[in-house]
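Chemist:
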């Protein structure tokens with residue numbers, strides 16, 4: 026990791042001499058780097074041209090840059106917490122501070138570490154109902170698929186959404202892609218369960234044409250969070266041409 030940190034510090038000095046703080050996160054810090062890993066570098070600037078995201082190359086490293094102001098960083102951190110998916114929170118909390126000219130580097134890292142440890146708010150109300158409905162709907166699609174291709178496509182979506190409901194519904198961070206497996210493993214460690222193993226077996230057997238383990242996985246997740254939901258599910262929509270409700274202006 027030392028070489029990655031040195032190169033990340035060099036790129037910050039080269040590209041962002043005005044930066045207040047910078048952090049290196051991602052797989053090279055988490056110990057899960059592969060030959061295809063990049064450098065995930067978050068940079069705090071005093072103002073414009075931040076905020077923006079940029080992909081570049083430095084010293085043969087592919088680099089993902091997340092460039093922020095103080096207010097934009099706070100916005101994305103709050104959005105992570107509200108949505109239960111800690112993209113920016115983890116980039117800051119599980120990081121190496123590359124630059125800290127005014128104490129903001131250490132302060133943001135501490136704040137993010139506290140948020141990571143606390144976890145997101147538990148899904149409730151319409152958010153929980155929407156997830157239950159989505160999993161119920163996908164479960165039905167898998168059960169009654171027209172052919173093997175449709176069944177497999179829906180099975181992959183069901184595995185993802187059921188894991189999302191399990192994790193976020195239990196006040197645990199959720200993720201996409203590889204972070205589904207990682208968050209399930211973290212959840213199992215916390216709860217002394219075996220959801221990750223069940224999720225993996227369900228996907229493997231579904232790919233081979235047997236969706237029974239996946240259906241059982243989804244059924245058990247729904248049972249933990251209020252059961253299937255179809256009849257009675259209702260969400261209000263938005264009509265931009267409608268007059269504002271009394272007292273809303």
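Residue numbers (my numbering): 26 to 274.
Cβ coordinates follow ideal geometry from the N, Cα and C atoms, glycine included.
Please read these numbers as outputs of a predicted model, since none were measured by experiment.
1) In chain order, what residues of the same chain lie with their CB nearer than 6 angstroms to the CB of residue 52, ignoring the 5 residues before and after it?
2) So does the region 105-113 actually touch the region 75-90, counting three or more Cβ pairs closer than 8 angstroms?
3) Quick one, are the C-beta atoms of residue 234 and residue 170 less than 9 angstroms apart?
4) From this set, 36, 117, 65, 49, which residue's C-alpha is nearest residue 84's C-alpha?
5) Which word fits residue 178, buried or exposed, when buried means at least 16 other C-beta atoms lie within 10 angstroms of its C-beta?
6) What are the boundary residues of the alpha helix (DSSP H) that includes residue 204?
7) Expressed to the nearest angstrom, what Euclidean distance is found between the alpha-carbon atoms of residue 55 and residue 40?
8) Closest by CA to residue 10, which one among 161, 219, 127?
9) Roughly how many angstroms separate the alpha carbons of residue 238 and residue 217, rounded to a whole number?
10) If we require 4 or more residues per run, which alpha helix (DSSP H) segments fall completely within the region 131-215?
11) Write down every uninterrupted run of the beta strand (DSSP E) in the region 212-258 whose length is 3 residues or greater and which is fully enclosed by it, in chain order.
Modeler: Quick answer:
1) 58, 62
2) no
3) Not closer than 9 angstroms, so no.
4) 36
5) exposed
6) 203-216
7) One C-alpha to the other measures close to 24 angstroms.
8) Residue 10 lies beyond the range of the chain shown here (26 to 274); nothing can be said about it.
9) 20 angstroms
10) 150-168, 173-193
11) none
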